[in-house]
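A.B. asks: Here the sequence shown stands for residues 19 to 242, where the numbers follow the working numbering.
Okay, here's the structure, questions in a sec.
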Amino acid sequence: MYYLKLNWCIGLLFVSAWAFGQTNSTAQDRPFEAEIRAFEKADSVSPPPQYAIVFTGSSSIRVWDNLPAYFPTKTILQRGFGGSELSQVLLYADRLIIPYHPKQMVLYAGENDIATGKQTGQQTFERFLALFQHVRQKLPDVLFTFISIKPSPSRRQFFPENDIANQLIKQYLAKDKNAQFVDIRPVMLGENGQPIPALFKSDSLHMLPAGYKRWTKVLAPYLK
19 MYYLKLNWCI GLLFVSAWAF GQTNSTAQDR PFEAEIRAFE KADSVSPPPQ
69 YAIVFTGSSS IRVWDNLPAY FPTKTILQRG FGGSELSQVL LYADRLIIPY
119 HPKQMVLYAG ENDIATGKQT GQQTFERFLA LFQHVRQKLP DVLFTFISIK
169 PSPSRRQFFP ENDIANQLIK QYLAKDKNAQ FVDIRPVMLG ENGQPIPALF
219 KSDSLHMLPA GYKRWTKVLA PYLK
């Protein structure tokens, strides 16, 4: 009996350790999972409209306070999450974008790939390409709109790689009649060619309403 209990305890410890490892592995392999599940839970309680305009990407979309109010004549779904990179938008695309059957997808991502993911501009473009092709395969008629990587003052050292990624993405999208590259950089720069500090929060990374108002003026004509 003692050995049976001992074996049972060892087995229980083994299973617990395996489960703990699986949980940790999932958390590491699938960052922002909790945020995605929160979207799914909200959708199950109150199903969002189909054929809306889905805004997704990193924190510049996530922290855009009252985003739908900036475009009152449009039906907007705000689905930015975490400090996501393009690879993570691709990871969750089948849960975060595809199910809504949007008529248009507006994406802001790529800045974190370079600044925190340590990707080059070329590598960031390749990540973008993987996401674009996946979305185009699943939603062949969706209007795909990419917002250019913005000039954040706290990330000046990455501007050259940002420019490479922006240029490659712009050139690629120009070949697709159902895709748009929206360059918001000019309205964020002063006469000296540098980012306007008044558009940013104290972290010199995330924007104040003044910055989003400038984005809105540029972006509005591109919305379907």
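Glycine included, C-beta positions come from ideal geometry on N, C-alpha and C.
If you're wondering where the values come from, they're calculated on a predicted model, not measured in any experiment.
Looking at the unbroken alpha helix (DSSP H) that takes in Arg232, where does it start and where does it end?
C.D. replies: It spans 227-237 - the alpha helix (DSSP H) in which Arg232 sits, taken as one unbroken run.
A.B. asks: Kindly indicate the opening and closing residues of the beta strand (DSSP E) around Phe73.
C.D. replies: 71-75 is the extent of the beta strand (DSSP E) around Phe73.
A.B. asks: Tell me whether the segment 100-108 and the segment 55-72 touch, counting them as touching only if at least three CB pairs, one residue from each stretch, are closer than 8 Å.
C.D. replies: No, the segment 100-108 is not in contact with the segment 55-72.
A.B. asks: In the DSSP assignment, what residue or residues form a beta bridge with Val124?
C.D. replies: Looking at the DSSP assignment, Val124 forms a beta bridge with Phe73, Thr163.
A.B. asks: Report the start-end ranges of each alpha helix (DSSP H) in the segment 48-97 that is 4 residues or longer and not cut off at the edges.
C.D. replies: Complete alpha helix (DSSP H) runs here, min 4: 51-63, 77-80, 85-88.
A.B. asks: Using a Cβ-Cβ cutoff of less than 8 Å, which residues in the same chain neighbour Lys235 once the five nearest sequence positions on both sides are dropped?
C.D. replies: Excluding positions up to five away in sequence, the list reads Val205.
A.B. asks: Kindly indicate which residue of Thr163, Tyr240, Asn210, Lys219 has the alpha-carbon position closest to the one of Lys188.
C.D. replies: Considering only alpha carbons, the answer is Thr163.
A.B. asks: Helix or strand or just coil, what does DSSP make of Gln198?
C.D. replies: Gln198 falls in the strand class under three-state DSSP.
A.B. asks: Is Phe143 helix, strand or coil when you go by DSSP?
C.D. replies: In this structure, Phe143 counts as helix in the three-state DSSP scheme.
A.B. asks: Please report the distance separating the alpha-carbon of Ser172 from that of Asp221.
C.D. replies: So the two alpha carbons sit approximately 7 Å from each other.
A.B. asks: Does Leu207 come out as helix, strand or coil in the three-state DSSP assignment?
C.D. replies: Leu207 falls in the strand class under three-state DSSP.
A.B. asks: So what's Phe150 in DSSP terms, helix, strand or just coil?
C.D. replies: Reduced to three states, the DSSP call for Phe150 is helix.
A.B. asks: Could you check whether Leu85 and Gln68 sit closer than 7 Å to each other, using their CB atoms as the reference points?
C.D. replies: Result no, Cβ atoms of Gln68 and Leu85 do not sit closer than 7 Å.
A.B. asks: When the Cα of Leu216 is compared with those of Gln151, Gly229, Glu209, which residue comes out closest?
C.D. replies: Here residue 216 turns out to be Ala, not Leu, going by the sequence shown. The option with the nearest alpha carbon to Ala216 is Gly229.
A.B. asks: Rounding to the nearest angstrom, what Cα-Cα distance links Pro246 and Asp159 in this structure?
C.D. replies: Lying outside 19 to 242, the shown extent of the chain, residue 246 is not represented and no answer is given.
A.B. asks: Is the beta carbon of His152 closer than 7 Å to that of Ala192?
C.D. replies: Contact flag unset, no.
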